[in-house]
Structure formats: C-alpha cells, structure tokens
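See structure below.
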Amino acid sequence: MASQTKAEILADHESNSALQAPLPAPVARHVKDLGADGLLSPLDERIIAAASEALEAGQTHYVDVPGIAALRAAIADALNGATNSRYEAGNIIVSAGVQESRFLTIQMIGENYESIGIPAVTHPGVQKALGVRGRNVISLPAAAERGYLPPIDAIAEIVAGGCRLLYLESPSRLSGAAYTSEEVGAIAEVLRDAGAAAIWDGGLAPWVDGGCSALASTEESPTLITTIGEAFPGTGLASWFIGYIASPEDQIPAMQSQKQIMAICTSTAAQFAALEASSLFEEARRLKLSQLAQLRSQIAESAAARGLAVIAGDAQNIMALRVSEEAAAKLRGAGFDFADGASFGAPDIIRLNVNSAALEALRALD
Amino acid sequence: MSKKKAQGTNLLYQLIGEARGYDDVIIMGRGDPDFDTPAHIVAAAKDAMINHHADSTPPEGLLALREAIAARVKRVNNIDVDPATEVVVTNGGQEALFLMVLAVLSPGDEMIVPEPNYNTYADSLRFAGGVKVEVQTYAEDDFRADPADVRAAVTNKTRALLLVSPNNPAASVISPPDMRAMLDIAIEQDLIVIADDIYDLFVYDDFEHVSPASLPGAKERTLTLNALSKAYSMTGWRLGWIVGPADLMARVRELKAAISGGASIISQHAGIAALTGPQDAVEMMAEAYRRRRRLVLDALDAMGIKYGLPQGGQFVFADIGFTGLDSGEVAQRILTEQHVLAYPGSAFSKDRKDYLRMTFLQPEDQLIEGLERMKVAMANIVAER
Ligand SMILES: Cc1ncc(COP(=O)(O)O)c(C=O)c1O
Numbered sequence: 010m011a012s013q014t015k016a017e018i019l020a021d022h023e024s025n026s027a028l029q030a031p032l033p034a035p036v037a038r039h040v041k042d043l044g045a046d047g048l049l050s051p052l053d054e055r056i057i058a059a060a061s062e063a064l065e066a067g068q069t070h071y072v073d074v075p076g077i078a079a080l081r082a083a084i085a086d087a088l089n090g091a092t093n094s095r096y097e098a099g100n101i102i103v104s105a106g107v108q109e110s111r112f113l114t115i116q117m118i119g120e121n122y123e124s125i126g127i128p129a130v131t132h133p134g135v136q137k138a139l140g141v142r143g144r145n146v147i148s149l150p151a152a153a154e155r156g157y158l159p160p161i162d163a164i165a166e167i168v169a170g171g172c173r174l175l176y177l178e179s180p181s182r183l184s185g186a187a188y189t190s191e192e193v194g195a196i197a198e199v200l201r202d203a204g205a206a207a208i209w210d211g212g213l214a215p216w217v218d219g220g221c222s223a224l225a226s227t228e229e230s231p232t233l234i235t236t237i238g239e240a241f242p243g244t245g246l247a248s249w250f251i252g253y254i255a256s257p258e259d260q261i262p263a264m265q266s267q268k269q270i271m272a273i274c275t276s277t278a279a280q281f282a283a284l285e286a287s288s289l290f291e292e293a294r295r296l297k298l299s300q301l302a303q304l305r306s307q308i309a310e311s312a313a314a315r316g317l318a319v320i321a322g323d324a325q326n327i328m329a330l331r332v333s334e335e336a337a338a339k340l341r342g343a344g345f346d347f348a349d350g351a352s353f354g355a356p357d358i359i360r361l362n363v364n365s366a367a368l369e370a371l372r373a374l375d
Numbered sequence: 059m060s061k062k063k064a065q066g067t068n069l070l071y072q073l074i075g076e077a078r079g080y081d082d083v084i085i086m087g088r089g090d091p092d093f094d095t096p097a098h099i100v101a102a103a104k105d106a107m108i109n110h111h112a113d114s115t116p117p118e119g120l121l122a123l124r125e126a127i128a129a130r131v132k133r134v135n136n137i138d139v140d141p142a143t144e145v146v147v148t149n150g151g152q153e154a155l156f157l158m159v160l161a162v163l164s165p166g167d168e169m170i171v172p173e174p175n176y177n178t179y180a181d182s183l184r185f186a187g188g189v190k191v192e193v194q195t196y197a198e199d200d201f202r203a204d205p206a207d208v209r210a211a212v213t214n215k216t217r218a219l220l221l222v223s224p225n226n227p228a229a230s231v232i233s234p235p236d237m238r239a240m241l242d243i244a245i246e247q248d249l250i251v252i253a254d255d256i257y258d259l260f261v262y263d264d265f266e267h268v269s270p271a272s273l274p275g276a277k278e279r280t281l282t283l284n285a286l287s288k289a290y291s292m293t294g295w296r297l298g299w300i301v302g303p304a305d306l307m308a309r310v311r312e313l314k315a316a317i318s319g320g321a322s323i324i325s326q327h328a329g330i331a332a333l334t335g336p337q338d339a340v341e342m343m344a345e346a347y348r349r350r351r352r353l354v355l356d357a358l359d360a361m362g363i364k365y366g367l368p369q370g371g372q373f374v375f376a377d378i379g380f381t382g383l384d385s386g387e388v389a390q391r392i393l394t395e396q397h398v399l400a401y402p403g404s405a406f407s408k409d410r411k412d413y414l415r416m417t418f419l420q421p422e423d424q425l426i427e428g429l430e431r432m433k434v435a436m437a438n439i440v441a442e443r
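These protein sequence lines are chains A and B, in that order. Just so you know, we're using this note's numbering here: the first sequence kicks off at 10 and counts up by one. Just so you know, we're using this note's numbering here: the second sequence kicks off at 59 and counts up by one.
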C-alpha cells in the first residue's frame, strides 16, 4: 500500500522550488568544467605536512563547536588585514564551507528579523538556504549594468520600508562586480541610520586587484555586520569544505548552537589544513591574482573579438558573459561546463572560471 | 556573582569548559572515544591529500564511498540500497540526524520519541517546527520502549517514529520482537521511521541489534543514519550517512546541498579506507568497551548505584536519585571536587534529573581512578544530607 504520509512529504518538496535550485559544483569536475565555485589549486606541501602531522598526533577527535582557537584567530586576522574590519577570534565560527555559512547566517540571524532583503541575482545557494525554512524575502533589483549589485537607492528604499536585514554579495558571485568604497560607505550609512543589519558575502574579495571594500570596515566594532566566505581560497582547500562566519558577538550564540545541532564541529583535519594555509595565503593569493588578472584580460579580449558582451566585474577569478542559447549549447556540445546564470536569477548569462580552458571554450564558439 | 543556571546542551558546554581547566580531569562525559583513528585510515587521508585533493564531490558524496556504505549496510544491517540513489553522505551522524528530521517533519507535525533520548533530536525538531511526543521509558525496565505506549501516542498529526537502538543515553537495545511491533505500528499508522544505528556495533551479552529498515515492508518508509564517528573512532572527521528509499533520499540530497553543499573529500577518502579496509581495529575497540562496561557496572554495583542495564552503546545511565540532588548539581560537584566529568541526565531530558550518563571512553586505569574519585564525591554528598 502506498504511503500517504510519504506522498505528502514529497508533494511539499516538489512545491518548494527554492530548495531545488541547482548549485554549481564545489570544485571543477573535469578540465573543461568552467562552472565550479571553488578555485582549482594545487595543495601546498606544507599544508599536506601540517594536516598529516596533526592527524598522526591524534587530532582525530571532536573539537570546539566554533572551531579551533588558533584558526578562529587566523581568520579574524586575515579579514582585518584585508578589509580593515575589527573582528576578533570570538567573532568567528569556522564552518564546513561557505554554503553552511550561508545557511547558518540566513536562518539564524534571519530568525531575529521579520524579513530579509536579497538581491534578485545571487548565488543559488542563497535560495537553497532559504528554501529549507521559509523566510519573508524582499527582492532587491539587480541589473547587468552594475554587475548585478543592487543599487544603493533600492537598498535605501527597502530599509525605509521596514526591512532590517540585508544579504549582499560583494563581489557578486555571478559577475565578480564589487561595490566601490563610496558605495559601501553609502550602504553603511543607510544601515546605521535605521539600525539595520547585513550579511555580507565577501568570499570573492581576495580576487579583486587592489583590494575590495567591505561593509565590516565601516564599523568601529562588529555590531551589525556579519561577513561570510571561504577560508583562504586559492590554497587548495576548496574540496575540504571550510568557510567562516565573522559576526557580532551577540549573534554568535544562536549560530554556534545551531552549528552544534547540525554538525557538532567542522572537520578537525580541515581546520589544521586551513590553519597552515593561513600563513601561506597572502603570498599565494598575490601570485595567483596576477596570473588570473592577465588571463582574464586575454579572455575578455577574446570574448570582445567574438562580439560577446562581458558583464563588468572586478574579481579576477570569474567572468560573466551574455550568450545566446545557441552559443551556450555549442559550449556544452564541445564538452565545456559553465555556471548557468539562470540559477542565479540572470537567464541569459553564463559564468566562466578564469583559466586557460576558458580561452579554448571561446574558440569553440567559432 | 550570580551565575545563570545553564541547561541542556549549554550546561554540558559549561561543564566541558570547566573540565578543561583541570590537568588531572577524567572525562566520563563526552561521547568521544579515547582511541585515535586507526593508522591505516589516517594514511588513506594523507594519500588523498596528495592524490585526490582536487576531486569534485556531488552533494550526496563520492560514488566510491556510497558503494562502500551500501556494502556495509548490507553486510552489517541487512539493508539493500542502491548507491546511486539511496545513499547520502553527511557531515557526521549529527548532520544526518538534522537532515532526516528536516526531510520528514513540517511545522506542526509530530514525532514520537522514546525518552530519554539524544537531545539533538529535540533541537532539530524545534528548528523544523515539529512537535516531540514523548514515550517514557524507565531504568527498572532497562529503558525498554513499550510498543503499546508508542501506539497510544499516535495522533492524526504523527508523521514519524524515532528509533535509536542502541539508545543514547539509556543504552537500551530494541529487541527483535519489539522492533517488529514498532514497524507494524508504523505501517498501520502510516508513519515514517527515523532510525539511528550509530551504535550498532556495540551490543552486549546476548542482546541483538536489528535495523528497522531490514524488516519486510520497512524500507520504503525508513530513513537510517549511521556514522564512522563511534565505530572507527573518527569523531573529528565528520563523516556519516543516511540510507533510505530513493524518493525520500532525493529530498534528503537537496537538503544536504542546501545546508552544507558536500562533505570534505579528504574525510570521504578516509571513510572509504575505513569501510573497505581491515576491520580488526573496530573489533579491538569493541572488545575494550565490553571490558570497560563490566568494570564500570561492577563499580556502580559496589557503590549501590542503580542503572538500566546497558544492552548496547558506550555508556551507562545511572540513577543518582538517592542523593536528593538535581543531576546538574551532582555533575557539577563531582567535577569541581573530584575532577571527574559525567553528564547530567537533565541535559538529555527535563524528566531525568535523577540520572548521570557515564561513558566508557577512557582507558581502564583512568576509568578505575575516575570511579574511585566519584565514590568519594558521592560519599561526601550523601554525608551532607
Ligand atoms: C544517537 C546519536 N546519533 C548521532 C550522533 C552524532 O554523532 P556524530 O555526528 O559524531 O557522527 C550521536 C553522537 O553522540 C549520537 O549519540
């Protein structure tokens, strides 16, 4: 006999379209996969050595829910160094990847607010995290002209209308466009005047040449701004699933308690790997960034030569292009994968990772 | 200075925090085996760092690991699953637990929970907006959940029945006839069974563990979790799984992607090594727990402390009602005065203020010393009365 209870569960599921948003792969699945979220990088021998040493020394047990103390401090230091924020170790929760950071912040900080303002174009993981337990979402317009960053007056408008929590990406996870420091200042002022809070996904900030302004740097001490991202990207940690939440102290207990409920802690080996990565990160990042910047301008030229519109972006690791359905099909036919803008909320756009295969992909369009 | 009275999980973390301050502390609280992960598993992780760190994983986990899990649940639990569609790898049993509750319960739905039980079920239910309907079990019955009580607890809002066997903290194992009766109720009342097999390799004396999903008619309505944490001493790797029917597992997969995206590739390769490699370390650890359990029970008997016989698991739930104190206070005094950490029953259930959970997850000499110290603390408490 078929189960009615099960039928009800499955019907609930099918009606929840947010939960079914397809996510980009965390790491490239093959050499022609240009759609993954994680940067493909070799794992430095020093990271292998440090993680192995920790494991061999018996670091195979549970650790503290918010993460090992030294890593929390290293993450705070790295954020403060890059963005002038003022986070301390106690403001940090080590997460099992940036998607867990999205989920914990949207759900647990979101619990304290009646609604959450979300750009119409964001990483599909945002929709997915929202889909688990419905929240009242106010959509922020986001257009290609500004790289899908919601305009300041649209932000001001929803805040004036009573929305007290925003979720923003800078750089945009689709285009790589980042808010300027003036824009960040203006957002901060809107928030401050209304006592509103924000979750700020700054995960792609390390890939902006010359640095990237962060909302957290506008606060004297962390009071309303939570920053999320992946831990030390570009050091080969993508497939280890390790990310962070940097949040005002009063937001930490609810997220920490939820982290305990859903995971107990983040993988111990991954934390020791990330701790070692913290000391290699800055040097690796600079090197990688200059390589990426060079490649990206070549790819942009190649796209322009083929009459493809590049969406303006600042992060050097990705590029968003406007392509016809035929061109997208052609890419797929040639074995290339890309992140489909449709799952971000921008149907005519594709996102390519910046690497040499992207040049090849564009040639496949000829 | 007035210290706000912590409760539940917060109370546990307060005690753990204090315990950390004592150099000579003996931990009989946390469910973290003292053994380090076996060397061949660590070696596999190291190999994965060199050769597989850039592998990509789908949210449900690497196929090779899902195949190893399917083989394991067939071998140990007699559950048939298709690794392609009926297995999802999780960040430990904890994430599996959270996902199972989220997958099945919507706001207002009820889940029947034999009590006492692992407190994260209540926490996860709260997140999902579900309602816990308790069925009480008692030390004098060795914490047996009576199927008749379960049947009586069913309402038109009941969606799920939780079966944790061996149970944490009660250490009871659901007998084969009781398990059949529980399944009959689930089928008759059209409930989804949420099964937690995390302690399935730790069953004592002549008790027998049955996975509910292995019984005829059960698989289509049962989600089963397990993890490498307890059996392989891999708590820090955060690796577990859920198996179940393909239709429900499709929902579990989407939820897994939504809450954390995937599981660490390094841990997944370690998991493959654990499940497919030599199993002698597991047997060695299980044997150690058998000896330690005897040792702890003998010590409790000598102190005249009653308990429900631990039929499985890695702990005993002991009745300290004779002290006249709340278990939180008793745990606090044992810790502060004698530097022994045991978990208060009140952290598991508000109705279990008379109990302490003590784990066997320390070397024997430490356990002996811990029990000696506990005896002193208990004698002091009793003398004051
Ligand atoms: C009954 C039960 N289920 C699940 C878990 C979660 O274990 P882990 O997440 O470490 O695999 C535990 C941990 O103590 C448990 O006791």
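Don't be surprised by glycine CBs; every beta carbon is placed ideally from N, CA and C. Here the structure is a predicted model, which means the values were calculated and not measured.
May I have a chain-ordered list of the beta strand (DSSP E) segments no shorter than 3 residues that lie completely inside the stretch 318-406 of chain B? 373-377 and 398-402
Residue closest to B/R124, alpha-carbon to alpha-carbon, out of B/V145, B/A218 and B/A180: The residue given as residue 124 of chain B occupies position 66 in the second sequence. When each option's Cα is compared against that of B/R124, the closest is B/V145.
Using CA atoms only, rank isn't needed, just tell me which of A/G252, A/A247, A/L200 and A/G204 is closest to A/G211. Here residue 211 of chain A refers to the residue found at position 202 when the first sequence is read from its first residue. Measuring from the Cα of A/G211, the nearest candidate turns out to be A/G252.
For B/L155 versus B/L70, is the C-beta spacing smaller than 8 Å? Working through the second sequence from its first residue, we reach residue 155 of chain B at position 97. Working through the second sequence from its first residue, we reach residue 70 of chain B at position 12. Not closer than 8 Å, so no.
Between which two residues does the alpha helix (DSSP H) carrying A/D86 extend? As a working note, residue 86 of chain A is residue 77 in the first sequence. Residues A78 to T92.
Of all the options B/M240, B/M436, B/A211 and B/A122, which has the alpha carbon lying nearest to the alpha carbon of B/Q396? Taking the first residue of the second sequence as position 1, residue 396 of chain B is located at position 338. Nearest of B/M240, B/M436, B/A211 and B/A122 to B/Q396, Cα basis: B/M436.
Among A/S266, A/Q307 and A/A321, which residue has its Cα nearest to the Cα of A/D73? For this step, residue 73 of chain A is matched to residue 64 along the first sequence. Considering only alpha carbons, the answer is A/S266.
Could you check where the alpha helix (DSSP H) with B/Q247 kicks off and where it finishes? For the purposes of this step, residue 247 of chain B is taken as the residue at position 189 of the second sequence. Neither: B/Q247 is in no alpha helix (DSSP H) and is coded neither H nor E.
Mapping the DSSP letters down to three states, classify B/M292 as helix, strand or coil. Translated into the one-based positions of the second sequence, residue 292 of chain B becomes position 234. Reduced to three states, the DSSP call for B/M292 is coil.
Cβ of B/G188 within 8 Å of any chain A Cβ: On the second sequence, position 130 is the one that residue 188 of chain B refers to. It does not; no Cβ of chain A falls within 8 Å.
Near A/K41, what residues of its chain come up, given a Cβ to Cβ distance below 6 Å and the 5 sequence neighbours on each side ignored? Within the first sequence, the letter at position 32 stands for residue 41 of chain A. Cβ neighbours of A/K41 beyond the five flanking positions: G344, F345 and A366.
Using a Cβ cut-off of 8 Å (strictly closer), state whether B/M107 contacts chain A. Here residue 107 of chain B refers to the residue found at position 49 of the second sequence. So, interface residue.
For chain A, is any of its Cβ atoms less than 8 Å away from the one on B/L160? As a first step, residue 160 of chain B is located in the second sequence; it is residue number 102 there, counting from the start. It does; some Cβ of chain A falls within 8 Å.
Of the residues that make up the stretch 265-296 of chain B, which ones have a beta carbon closer than 8 Å to any beta carbon in chain A? E278, R279, S291, M292, T293, G294, W295 and R296
For B/L306, write down the residues that DSSP places opposite it in a beta bridge. Against the second sequence, residue 306 of chain B aligns to sequence position 248. According to DSSP, which records beta bridges pairwise, B/L306 is partnered with nothing at all.
For B/A244 versus B/L220, is the C-beta spacing smaller than 8 Å? Within the second sequence, numbered from 1, the residue matching residue 244 of chain B stands at position 186. Within the second sequence, numbered from 1, the residue matching residue 220 of chain B stands at position 162. Taking 8 Å as the Cβ cut-off, B/A244 and B/L220 do not qualify as a contacting pair.
Output, in chain order, the set of chain A residues within a Cβ distance shorter than 7 Å of B/S182. Sequence index remark: in the second sequence, residue 182 of chain B carries index 124 (1-based). In chain order: I270.
Backbone secondary structure at B/D254 - three-state DSSP: To locate residue 254 of chain B, count along the second sequence from 1; it is residue 196. Three-state DSSP puts B/D254 in a strand.
So with CB distances below 7 Å, who are the chain B contacts of A/G140? Translated into the one-based positions of the first sequence, residue 140 of chain A becomes position 131. In chain order: A316.
CA nearest to the CA of B/N177, picked from A/I273, A/P75, A/A197 and A/T69: To locate residue 177 of chain B, count along the second sequence from 1; it is residue 119. Nearest option by C-alpha distance: A/I273.
Please classify A/G342: does DSSP put it in a helix, a strand, or coil? Walking along the first sequence from the start, residue 342 of chain A turns up at place 333. Here A/G342 sits in helix by DSSP.
Around ligand 1, what residues have a beta-carbon under 6 Å from a heavy atom of it, in chain order? A/I273, B/G89, B/G150, B/G151, B/Q152, B/L155, B/Y176, B/V222, B/N226, B/D254, B/I256, B/A285, B/S287, B/T293 and B/G298
Please determine, among B/D200, B/A77 and B/R415, the residue with the shortest C-alpha to C-alpha distance to B/F265. Walking along the second sequence from the start, residue 265 of chain B turns up at place 207. B/F265 has its Cα closest to that of B/D200, out of B/D200, B/A77 and B/R415.
To the nearest whole angstrom, what separates the beta carbons of A/I308 and A/L368, a pair I think is in contact under 8 Å? Walking along the first sequence from the start, residue 308 of chain A turns up at place 299. Walking along the first sequence from the start, residue 368 of chain A turns up at place 359. Confirmed, about 6 Å.
Specify, as a first and last residue, the run of the beta strand (DSSP E) that B/Q420 falls within. As a working note, residue 420 of chain B is residue 362 in the second sequence. Where B/Q420 is concerned, there is no enclosing beta strand (DSSP E), given that its DSSP letter is neither H nor E.
Tell me where the beta strand (DSSP E) around A/D210 begins and ends. Taking the first residue of the first sequence as 1, we reach residue 210 of chain A at position 201. Where A/D210 is concerned, the enclosing beta strand (DSSP E) stretches over A206 to D210.
Report whether the distance from the Cβ of B/S269 to the nearest heavy atom of ligand 2 is below 7 Å. By its list of ligands, the structure shown excludes ligand 2, since it contains just ligand 1.
Rounded separation between B/S60 and A/P180 - CA only: Mapped onto the second sequence, residue 60 of chain B falls at position 2. Mapped onto the first sequence, residue 180 of chain A falls at position 171. Low confidence applies here, because B/S60 scores a pLDDT of 37, under 50, leaving its location unreliable; read the following figure in that light. Distance between the alpha carbons of B/S60 and A/P180: 47 Å.
Could you name the residues of chain B that A/T71 contacts, counting a contact when the two beta carbons are closer than 8 Å? As a working mapping, residue 71 of chain A is identified with position 62 in the first sequence. As written in the sequence, residue 71 of chain A is Tyr, which differs from the Thr given in the question. Neighbours of A/Y71 on chain B, chain order: R88, D90, T293 and G294.
Applying the criterion that 16 or more other CB atoms from any shown protein chain within 10 Å of the CB defines a buried residue, is B/T381 buried or exposed? Locating residue 381 of chain B in the second sequence gives position 323, counting from the first residue. Per the 10 Å Cβ criterion, buried.
Where DSSP assigns a beta bridge to A/T235, which residues make up the other side? Sequence index remark: in the first sequence, residue 235 of chain A carries index 226 (1-based). A/T235 is bridged to A/I208.
Can B/F375 and B/A203 be called in contact, C-beta distance under 8 Å? Counted from its first residue, the second sequence places residue 375 of chain B at position 317. Counted from its first residue, the second sequence places residue 203 of chain B at position 145. Result no, Cβ atoms of B/F375 and B/A203 do not sit closer than 8 Å.
Determine the extent of the beta strand (DSSP E) in which B/M86 is found, giving its start and end residues. Start at 1 with the first residue of the second sequence, and residue 86 of chain B comes out as number 28. Unbroken beta strand (DSSP E) run through B/M86: I84 to M86.
Who does B/M169 pair with in a DSSP beta bridge? Within the second sequence, residue 169 of chain B is the residue found at index 111, counting from 1. Answer by DSSP bridge pairing, in chain order: B/K190 and B/A218.
What did DSSP end up calling A/Y122 once you bin it into helix, strand or coil? Reading the first sequence from its first residue, position 113 is the one you call residue 122 of chain A. It is coil, neither helix nor strand.
For a test of the three-state rule: what should DSSP assign to B/G298, helix, strand or coil? Locating residue 298 of chain B in the second sequence gives position 240, where the first residue counts as 1. If DSSP states are grouped into helix, strand and coil, B/G298 belongs with the strands.
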